[in-house]
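Worksheet for the structure shown next.
Number of protein chains: 2
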Amino acid sequence: MQTITEEQSKQISDLMKDFIEQTINLYDTLPMRPVGCPADQKTLAYLEKLPIPNQERPLSEVFREMLQDIYASTLFAQHPRSFSCIPSTASLLSWMGDVMTSAYNPHAGCQVNAPVAALIEKKLIRWMCGLAGYPEESGGLFVSGGSIANLTALTAARDAKLASEECKDATIYISNQTHSSIAKALHIIGFCKDQIHTIPTGRSFRMDLSALQAAITDDIKRGKKPFAVIASAGTTNTGSIDPIADIAALCHKHNMWLHVDGAFGASALLSKQQRKKLARIELSDSISWDAHKWMLQTYSCSVVLIRNQENLVCSFAAHPEYLKDAENTEGCAEFWDLGPELTRPARSLKLWLTLQAMGSEKMGHVIDHGCAMAKLAEDIIRKSPGWEISSPAQLGIVNFRYAPDQAMPENALNQLNQDISKKINESGFAQVFTTQLLGKTVLRMCTINPETTKQDIHDTVARLVRIGHACTMPFTLSA
Amino acid sequence: MQTITEEQSKQISDLMKDFIEQTINLYDTLPMRPVGCPADQKTLAYLEKLPIPNQERPLSEVFREMLQDIYASTLFAQHPRSFSCIPSTASLLSWMGDVMTSAYNPHAGCQVNAPVAALIEKKLIRWMCGLAGYPEESGGLFVSGGSIANLTALTAARDAKLASEECKDATIYISNQTHSSIAKALHIIGFCKDQIHTIPTGRSFRMDLSALQAAITDDIKRGKKPFAVIASAGTTNTGSIDPIADIAALCHKHNMWLHVDGAFGASALLSKQQRKKLARIELSDSISWDAHKWMLQTYSCSVVLIRNQENLVCSFAAHPEYLKDAENTEGCAEFWDLGPELTRPARSLKLWLTLQAMGSEKMGHVIDHGCAMAKLAEDIIRKSPGWEISSPAQLGIVNFRYAPDQAMPENALNQLNQDISKKINESGFAQVFTTQLLGKTVLRMCTINPETTKQDIHDTVARLVRIGHACTMPFTLSA
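So the sequences go chain by chain: A and B. The letter at position 163 of the first sequence is residue 163 when you use my numbering, and the numbering goes up by one with no holes. The letter at position 80 of the second sequence is residue 80 when you use my numbering, and the numbering goes up by one with no holes.
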C-alpha cells in the first residue's frame with residue numbers, strides 16, 4: 001500500500017525546505033526574540049479539543065499547526081539568555097546531524113545493521129575515554145541522557161562489587177548536592193533509601209572528605225558493606241566538583257567503585273584551562289557525560305564511560321536466537337551487550353559531524369567562554385549594592401541573592417528572590433530560576449551557551465537588580 | 001563567541017535543502033535499490049584513520065563525507081524487502097517530525113519547558129490507553145524503546161507488589177519466546193536468574209497456561225512469592241500472542257502483576273481486523289508499545305502504558321530543589337516523575353504529526369497489510385516443494401524452512417537454511433535472517449513495511465527457492 005502519494009512527497013520536500021530556511025533564520029535572530037513564547041490559552045484549548053483524526057488531513061494545514069501552535073510555543077532552552085536548569089547549547093550542526101540520522105534511521109544496536117555508525121561511535125568513545133585518561137580496556141556507550149548513563153554505570157558497579165546476597169547490606173555514598181537521578185537509579189536497581197548515605201558538603205559545596213571517611217568506617221563497624229561513592233564533576237546547583245583524587249584514594253583503600261557523575265561537568269575535559277579541575281578523574285571506575293549539555297548537541301546525546309568495558313558486558317550481555325545472524329564474528333561486544341537498550345538510534349553521528357566541522361579546540365573554547373560568563377556575572381553582582389554571592393562561579397554556574405536589608409526575615413528574603421525570578425521569566429528577556437542553598441532560596445545562572453555575550457550578562461544582571469529594587473519599593477513597579 | 005559564522009549558516013541552509021531533495025528521492029527509489037550498501041573496506045579504513053580534528057574543516061567536505069561514507073553505507077531497515085529482526089517502518093512524515101522537533105529541541109521533562117509538547121504527549125497517551133481499554137486513572141510515558149518501556153513497567157510492578165524484604169523470594173514468569181529485554185530489565189532491577197521461571201510454549205508458541213499454573217502453585221508451596229507474569233503480544237520470533245485473558249485471570253487470582261510486552265504487537269490495536277487477537281489486554285497492569293516498530297516512526301519512539309499512573313509516580317518521583325520553579329502548580333505529575341529519565345526529547349510530536357496527516361484508519365490498514373503480506377508468503381511457501389512452514393503467519397511474521405530431503409541430518413538442514421539466508425542477504429535484493437525454533441534453524445520474514453508489495457513477497461520467496469535449489473545442487477551455483 002502507498003502511505004504517501006507522489007504529490008505528498010513533493011509537498012513534504014517543499015515544506016521542509018521552507019522549514020530549513022525558517023529555522024536558520026530563527027537561530028540567527030534568537031537573541032532578539034523572547035526566551036520563550038508560551039502557548040496562549042486559546043491555542044492550548046484548540047489543541048486540547050483537536051482529535052486524532054480517522055481520515056487524513058491536508059499536510060500543509062498539519063504542518064502550519066505543528067509549526068505555529070506546537071513548536072513555536074516552546075521555551076528556547078538554547079536561547080543565549082536561557083540561564084535556568086542546564087540550558088541547551090544545541091547547535092545548527094547537531095541539528096544537521098539529526099536531520100541526516102533520522103532520514104537514514106540506522107539501527108545502532110549492532111554492527112551489521114550500521115557498520116559505519118558503529119565505527120564512529122567506537123571512535124568517539126575511545127576519544128572520550130582518552131580525554132578522561134582511561135586505559136585501553138575502557139569503553140562505553142551512547143545513551144539517551146545522564147539518568148540512563150548513571151543507571152548503566154551503577155548497575156555495572158553493583159554487579160562488579162556485590163554478590164547478590166550482599167546487596168541488602170551494601171551502602172552507597174552521595175553528597176547533598178548529588179543529582180536526583182542517582183537516587184532514582186539506585187532505587188531502580190534495588191537499593192533502599194536507608195542504604196544511601198548523604199554526605200554533607202563544605203562551604204564550596206564539595207563533598208566533605210572526613211565525613212565520607214567517617215561514614216564508611218562507621219558502616220564497616222556496623223557490618224555493612226560500603227561499595228560505591230558517587231562523586232559529582234559539576235553539580236547542577238552550583239557547578240561544584242567533588243575532590244575526585246581524595247575520594248578515589250578512599251575507594252581504592254576500601255575496594256569501592258567510584259562513579260563520577262560528569263553529566264554536566266565532564267565536558268571541562270575539552271578545555272586546556274579547565275580540565276585540571278577534574279584532575280585524577282582517570283582513577284574513577286565510570287563516568288557519565290552528557291554531550292547534549294555542554295557539547296552543543298540536541299537531546300538525547302549522552303555517554304557512559306567505563307574503566308573496564310568487560311563490566312558492562314557482564315551486566316548487560318544477552319544472546320537471543322533471532323539476533324544470531326546480526327552478531328559480529330570478531331568476538332567483540334555489540335552495543336546491545338553494553339547497556340539497557342537493544343534497538344537504539346545512532347546518537348553519536350551528530351556529535352561526530354559537529355566535531356569534524358568545528359574542531360575540538362573550538363569546543364574547548366566553548367567551555368572557557370561559559371566559565372568566563374559566570375565569572376563576569378559574579379563580578380557584576382559583587383559590585384551591586386544589596387546583592388550577595390551565594391556560591392561563586394564554578395564551571396559556568398553562579399548563585400546569588402538579593403538581600404538589601406539584613407533585618408528582613410529569612411522567609412521574606414526567600415520570597416523576594418522567588419519574586420525576582422518570576423518577574424524576569426515573565427518578561428521573556430531572560431530565564432533565571434531559583435534554587436535552594438543552605439536552606440535559602442537563591443538565584444542561579446548557568447551561562448554555558450556559547451552565543452551568550454558579555455552584553456547579555458550585563459543586561460540580565462542589570463534587569464535583575466532593577467526588578468529587585470522595584471520589588472522592595474513600597475509600591476511595587478512592574479519589571 | 002560565534003560558533004557558526006554567517007557564511008556557514010548560509011551553507012548549512014543550502015546543504016540541508018539539497019539533502020531534503022536527495023532524501024525524498026532516496027525514499028521514492030528505495031524499492032529499486034539494494035537493501036543495504038555495506039561500507040567497503042577502503043571507506044572503513046579511511047574512517048578508522050580519520051582523527052577528530054583540532055581545527056575546523058570545510059563544512060561541504062564534512063557533509064559529503066557524512067553522506068557518502070557514513071549514512072549511505074547503512075542497511076536500510078525501512079527498505080520494503082528488509083524482512084529481518086523487526087524492520088523499520090519509518091515514514092517521511094516521522095522524519096519531518098524529527099527535523100522539526102530537533103530544530104526546536106524542546107525539553108520534554110516537564111510542562112513549563114514545553115507546555116504544548118506536554119499536552120500532545122498526554123493526548124497521545126490517553127488515546128493509546130483508550131485503544132488498550134484502560135480506565136481513566138491510567139497513564140504512561142514516551143521512552144526511547146521497548147527495553148526501557150519494559151524496565152519502567154517492571155520497576156513499577158516490583159514496587160507495587162513487593163516489600164523490599166520480599167524481593168529475594170519473589171518469582172516472575174516469562175515464556176521461552178519472551179523478548180530478551182525482559183530478562184535484562186529484571187536483572188537490572190535486582191532479580192536473579194533463578195527467580196525467573198521460563199514457561200514452555202505450545203505448538204503455536206503461546207505460553208502454556210497449565211504449565212504456568214503449575215509453576216505458580218509449586219512456587220507458592222516452596223514458600224516463594226509469585227508476583228508478575230510477562231505476556232507477549234507479538235513475540236519477536238513468530239509473532240505469537242500469549243493467552244492474555246487466561247493469564248490475566250491467573251494473575252487476578254494470585255494478586256500478580258500482568259505486564260504485556262506489546263513492543264511489536266500492541267499496534268494491532270489500531271486494526272479493526274486484528275485487535276480482537278489482543279482481547280482482554282485491558283486486564284493487564286502495564287503494556288510496552290513501540291511506535292518505531294509498526295507505527296511508521298523513526299527510532300526512538302516507544303510508549304509504556306500503565307493501568308494506574310500512580311504506580312509510576314510511586315516508583316519514579318523525585319523532587320530536587322533546582323527543579324522547583326519548573327514544577328507545575330496543578331499537582332499533576334511531571335514526566336520526570338513517571339520514568340527513569342529527567343531530560344527527554346519530545347518523542348511524541350512526530351507520532352502526532354504522522355497521525356494528523358495520515359489519519360488513524362490508514363495506520364490500521366498498515367497493520368492489516370503487514371499481516372496479509374505474511375499470509376501471502378506463507379501461502380506461496382506452502383506450495384513450494386521441499387519447503388515447510390515452521391510457524392504460520394502471525395501478526396506479520398512467518399517462519400519456514402527448506403527441507404528438500406527428510407533423510408538429511410538435522411545439522412545439515414540447519415546449515416542449509418543458514419546458507420540460504422546468507423546468500424540472499426549478500427545479494428542485496430532482500431534481507432531474511434534465520435532464527436531458532438524448537439531447536440531448528442529456520443528462516444524468518446517479518447513483513448510489516450507498508451510499502452512491501454505482493455510482488456516483493458513473490459520475488460523474495462522465488463529467490464529463496466532458487467537459492468535453496470542451488471545450494472543443494474552437486475555444484476553450487478551462485479544466487
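Each residue gets a CB set at the ideal place from its N, CA and C atoms; glycine is no exception.
Legend entry - Residues, ordered as in the chain, of the stretch 425-442 of chain A that lie near chain B by beta-carbon distance below 7 Å: F433, T434, T435, Q436
Legend entry - the stretch 236-247 of chain A in contact with the stretch 387-405 of chain A per 3-pair CB rule at 8 Å: yes
Legend entry - Members of the stretch 18-47 of chain B that neighbour chain D once the beta carbon cut-off is set at 8 Å: Of the protein chains in this structure, namely A and B, none is chain D.
Inset, instruction - Can you have a look at C371/A and say buried or exposed, based on whether 16 or more other CB atoms are within 10 angstroms of its CB? - result: Here residue 371/A corresponds to residue number 371 of the first sequence, with the count starting at 1. Looking at its Cβ environment, which holds 16 or more other Cβ atoms inside 10 Å, C371/A is buried.
Inset, instruction - At 3 residues or longer, and completely inside the stretch 115-159 of chain A: list those beta strand (DSSP E) runs for me, N to C. - result: 139-143
Inset, instruction - State yes or no: is the beta carbon of H365/B nearer than 8 Å to at least one beta carbon in chain A? - result: Position 365 of the second sequence, counted from the first residue, corresponds to residue 365/B. With 8 Å as the cut-off, H365/B counts as an interface residue toward chain A.
Legend entry - Length of the line joining the Cα atoms of A215/A and Q195/A: As a first step, residue 215/A must be located in the first sequence, where it is residue number 215. As a first step, residue 195/A must be located in the first sequence, where it is residue number 195. Their backbone Cα atoms lie some 12 Å apart in a straight line.
Legend entry - Closest Cα partner of K122/B within the set W352/A, L50/A, A462/A: Here residue 122/B refers to the residue found at position 122 of the second sequence. The residue with the shortest Cα to Cα distance from K122/B is L50/A.
Inset, instruction - Identify the contact partners of R57/B in chain A, using a Cβ-Cβ distance below 9 Å as the criterion. - result: Counted from its first residue, the second sequence places residue 57/B at position 57. Within 9 Å Cβ-Cβ: Q356, A357, M358, G359.
Legend entry - Distance, K454/B Cα to Q2/A Cα: Against the first sequence, residue 2/A aligns to sequence position 2. Against the second sequence, residue 454/B aligns to sequence position 454. Cα to Cα, Q2/A sits roughly 13 Å from K454/B.
Legend entry - Candidates A185/A, I380/A, R206/A, T201/A: closest to I457/A by CA position: What you label residue 457/A is simply residue 457 of the first sequence in a count that begins at 1. For the residues A185/A, I380/A, R206/A, T201/A, the minimum Cα distance to I457/A belongs to I380/A.
Legend entry - the ligand GTP heavy atom lying under 7 Å from the CB of M1/B: Summarising the ligand content, the structure contains no ligands, and the ligand GTP is consequently not present.
Legend entry - N- and C-terminal bounds of the beta strand (DSSP E) containing Y402/A: As a first step, residue 402/A must be located in the first sequence, where it is residue number 402. Residues 397-402.
Inset, instruction - Taking C-beta pairs closer than 8 Å, name the residues in chain B that G145/A reaches, listed in chain order. - result: Locating residue 145/A in the first sequence gives position 145, where the first residue counts as 1. Within 8 Å Cβ-Cβ: E341, L342, T343, R344.
Legend entry - Three-pair Cβ contact test at 8 Å for the stretch 187-201 of chain B versus the stretch 243-253 of chain B: no
Legend entry - Residues near D159/B by beta carbon distance below 7 Å, same chain, minus five either side: Here residue 159/B corresponds to residue number 159 of the second sequence, with the count starting at 1. Within the same chain, D159/B has close Cβ partners C314, S315.
Inset, instruction - Report the rounded CA-to-CA distance for M256/B versus A156/B, giving the unit in angstroms. - result: Indexing the second sequence from 1 puts residue 256/B at position 256. Indexing the second sequence from 1 puts residue 156/B at position 156. Roughly 13 Å separates the two Cα atoms.
Legend entry - DSSP three-state assignment for Y173/A, whether helix, strand or coil: The residue you call residue 173/A lines up with position 173 of the first sequence. Three-state DSSP puts Y173/A in a strand.
Inset, instruction - Compare the C-beta of I220/B with all C-beta atoms of chain A and state if any pair is closer than 8 Å. - result: Here residue 220/B is taken as the residue at index 220 of the second sequence, counted from 1. Closer than 8 Å: no.
Inset, instruction - Could you check how far apart the C-beta atoms of V35/A and H79/A are, in whole angstroms? I think they sit under 8 Å. - result: As a first step, residue 35/A must be located in the first sequence, where it is residue number 35. As a first step, residue 79/A must be located in the first sequence, where it is residue number 79. So it is a contact: roughly 5 Å between Cβ atoms.
Inset, instruction - Compare the C-alpha of G359/A against each of V62/B, L141/B, I220/B and name the closest. - result: As a working note, residue 359/A is residue 359 in the first sequence. Among V62/B, L141/B, I220/B, the Cα nearest to that of G359/A is on V62/B.
Inset, instruction - Mind reading off the beta-carbon distance from T101/B to K350/B? Whole number of angstroms is fine, and I expect it under 8 Å. - result: Translated into positions along the second sequence, residue 101/B becomes position 101. Translated into positions along the second sequence, residue 350/B becomes position 350. That pair is a contact at about 6 Å.
Legend entry - CB of Q274/A within 8 Å of CB of A266/A, strictly: In the first sequence, counting from the first residue as 1, residue 274/A sits at position 274. In the first sequence, counting from the first residue as 1, residue 266/A sits at position 266. Cβ atoms of Q274/A and A266/A: not closer than 8 Å.
Inset, instruction - Tell me, please, whether the stretch 8-16 of chain B touches the stretch 17-31 of chain A by the rule of three or more beta-carbon pairs shorter than 8 Å. - result: yes
Inset, instruction - Can you have a look at T5/A and say buried or exposed, based on whether 16 or more other CB atoms are within 10 angstroms of its CB? - result: If you number the first sequence from 1, residue 5/A lands on position 5. Exposed, by the Cβ-count rule.
Inset, instruction - Could you name the residues of chain B that L296/A contacts, counting a contact when the two beta carbons are closer than 8 Å? - result: Looking up residue 296/A in the first sequence gives position 296. Neighbours of L296/A on chain B, chain order: T3.
Inset, instruction - Output yes if chain A places a C-beta closer than 8 Å to the C-beta of T460/B; else output no. - result: Residue mapping note: residue 460/B aligns to position 460 of the second sequence, counting from 1. It does not; no Cβ of chain A falls within 8 Å.
Inset, instruction - For L464/B, count neighbouring Cβ atoms within 10 angstroms of its own Cβ and tell me buried if that reaches 16, exposed if not. - result: For the purposes of this step, residue 464/B is identified with residue 464 of the second sequence, where counting begins at 1. Classification of L464/B: buried, given that the 10 Å Cβ count is 16 or more.
Inset, instruction - Would you please verify whether the beta carbon of F205/B is less than 8 Å from any beta carbon of chain A? - result: The count along the second sequence starts at 1 and reaches residue 205/B at position 205. Answer no: the Cβ-Cβ gap between F205/B and chain A never drops below 8 Å.
Legend entry - Check whether I420/B and L443/B have beta carbons under 8 Å apart: Residue mapping note: residue 420/B aligns to position 420 of the second sequence, counting from 1. Residue mapping note: residue 443/B aligns to position 443 of the second sequence, counting from 1. Yes.
Legend entry - Ordered list of alpha helix (DSSP H) runs contained in the stretch 35-61 of chain A, each at least 4 residues: 41-49
Inset, instruction - Please name the residue or residues paired with C232/A in a DSSP beta bridge. - result: For the purposes of this step, residue 232/A is taken as the residue at position 232 of the first sequence. The sequence shown places Ser at residue 232/A, rather than the Cys named in the question. According to DSSP, which records beta bridges pairwise, S232/A is partnered with D261/A.
Legend entry - CB contact below 8 Å: V99/A versus chain B: Locating residue 99/A in the first sequence gives position 99, counting from the first residue. At least one chain B Cβ lies under 8 Å of V99/A.
Legend entry - Cutoff 8 Å; reference L212/B; Cβ partners in own chain excluding five residues on either side: Sequence index remark: in the second sequence, residue 212/B carries index 212 (1-based). The residues are Y173, I199, V229, I247, L250.
Legend entry - Cα-Cα separation, M363/A to S271/A: By 1-based counting over the first sequence, the position of residue 363/A is 363. By 1-based counting over the first sequence, the position of residue 271/A is 271. Whole-angstrom Cα-Cα distance: 8 Å.
Inset, instruction - Count the C-beta pairs between the stretch 148-155 of chain A and the stretch 280-291 of chain A that are closer than 8 Å, then say yes if the count reaches three, no if not. - result: yes
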